[in-house]
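Colleague: Supplied in structure tokens, the structure appears directly below.
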């Protein structure tokens, strides 16, 4: 009989709307993953790099109904040219899932650091006449400090 104490631990990058991303250790367990994203999980593999084929093994795990449930936007996914491909609604996490593996895994340390930096800060998304405008912000700073950065 498998108990929660026997579950494999993996390291993931956990992102919540309006909060700084953090690297956390979680049990490689479906129920826990559903708790993290507040509902049924959906895995999404939008990442690609001409120079690093490992990008294709980085998986974003989010709430399957995040947009339908109108969860707040968390981060945007952009292509290599910086164009918005998708907006992730609600909490999500990033992990590693090579095609030959049938489970989620921790990312290699260098990729984990790269993606942690890329998704560290939350984003606000605004619709303008010219399309979507995405602004990263640091919730650890006060409004006055953020205003000085503009």
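Numbering (this note's numbering), first residue to last: 2 to 151.
Heads up, the beta-carbon is just placed ideally off N, CA and C, and yes, glycines get one too.
Because the structure is a prediction, the values reported are computed rather than measured.
1) Would a C-beta distance cut-off of 8 Å place residue 140 and residue 123 closer than the cut-off?
2) To the nearest angstrom, report how far apart residue 10 and residue 130 are at their CA atoms.
3) I'd like the span of the alpha helix (DSSP H) that includes residue 74, first residue to last.
4) For residue 31, count neighbouring C-beta atoms within 10 Å of its own C-beta (all shown protein chains included) and say buried if the count is 16 or more, exposed if not.
5) Evaluate the contact criterion for the region 9-25 versus the region 73-92: three or more CB pairs, one atom per stretch, below 8 Å.
6) Give every residue of the same chain whose Cβ lies closer than 6 Å to the Cβ of residue 136, excluding the five residues on either side of it in the sequence, and list them in chain order.
7) So, under 8 Å CB-CB, residue 116 and residue 14 are touching, yes? Tell me the CB distance rounded to an integer number of Å.
8) Alpha carbon to alpha carbon, what distance is there between residue 111 and residue 52?
9) From the DSSP output, read off the bridge partner residues of residue 15.
10) Residue 90: which of 64, 81, 114, 80 sits nearest, CA to CA?
11) Let me check one thing: in DSSP terms, what residues is residue 44 bridge-paired to?
Modeller: Considering the structure as presented:
1) yes
2) 46 Å
3) That residue, residue 74, is in no alpha helix (DSSP H); its beta strand (DSSP E) goes 74-79.
4) exposed
5) yes
6) 125
7) 6 Å
8) 14 Å
9) 23, 94
10) 64
11) 62
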